[in-house]
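The structure under discussion appears below in the form of structure tokens.
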Amino acid sequence: MLLADSDENAIARRLGLDISIPANDQNQDPMVAFEQSRVADLAALYNAIAALSTAATLDQLLAQSEAVQARICKMSPTMISPDEELAFSMQMQAMRDSCRQALGH
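Here it is in structure tokens:
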């Protein structure tokens, strides 16, 4: 089950981060805001990769892994570097392959 974008706010709150946009943008350091957003996005991505293990069928696993890969591509290059994109893609593929074997395929 993939996390919706709104879940990123919940993850950020659990991590003690405030990624909301302040009323007065002059008080917010753009770099801090970027890093807070990046942390929330990365946490949501890791949760989405981990959620591949909940797929009950091969079709569900493939659909979820495609959505995770699309999320990784969407994050690059603004939130993650091309090297990070490759690393996350490889992690997702390894998880998908392990889950596929666990499903008996």
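So the sequence shown is numbered by our numbering: it starts at 1 and just counts up by one.
We put the beta carbon where it would ideally sit given N, CA and C, even for glycine.
With 16 or more other Cβ atoms from the protein chains shown falling within 10 Å of its own Cβ, Met92 counts as buried.
The continuous alpha helix (DSSP H) containing Ala50 extends over residues Pro30 to Ala51. Distance from the CA atom of Leu62 to the CA atom of Gly104, rounded to whole angstroms, is 14 Å. For Met90, the uninterrupted alpha helix (DSSP H) segment begins and ends at Pro82 to Ala102.
Distance between Asp7 and Arg14, taken at the CA atoms: about 11 Å.
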